[in-house]
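The structure appears below as structure tokens.
Residue numbers (the working numbering): 13 to 86.
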């Protein structure tokens, strides 16, 4: 299992190229599970993925005025 947390944000800001990320997706071993996270949708990355999930906040402590917690939120 390989988790590339917020890699789609890294792609959006130019730290990773779309071509490099697509090469990684296409060349990974079949027994490897690759999880990509981030906020922006890239049609080419979505097309290359086997599974796409869109998570949406329903309720968050921030909405009640609580700030992020070190070690939990960052």
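We treat Cβ as the ideally placed atom computed from N, Cα and C, and that holds for glycine.
For residue i, the residue or residues it bridges with in DSSP
i, result
"residue 37", "Answer is none; residue 37 lacks a bridge partner."
"residue 14", "46"
Environment of residue i [buried if 16+ CB atoms lie within 10 Å]
i, result
"residue 57", "buried"
"residue 19", "buried"
"residue 33", "buried"
"residue 84", "exposed"
"residue 48", "buried"
Integer Cβ distance of residue i from residue j, believed to fall under 8 Å
i, j, result
"residue 15", "residue 22", "Between residue 22 and residue 15 the Cβ distance is about 13 Å, and since that is not below 8 Å, they are no contact."
Enclosing alpha helix (DSSP H) for residue i [first to last residue]
i, result
"residue 75", "Careful: residue 75 lies outside any alpha helix (DSSP H) and carries neither H nor E."
"residue 57", "55 to 60"
Requested in this report: Could you tell me whether the stretch 69 to 84 touches the stretch 42 to 56, where touching means 3 or more Cβ pairs closer than 8 Å?
Outcome: Touching, no, given that fewer than three Cβ pairs across the two stretches are closer than 8 Å.
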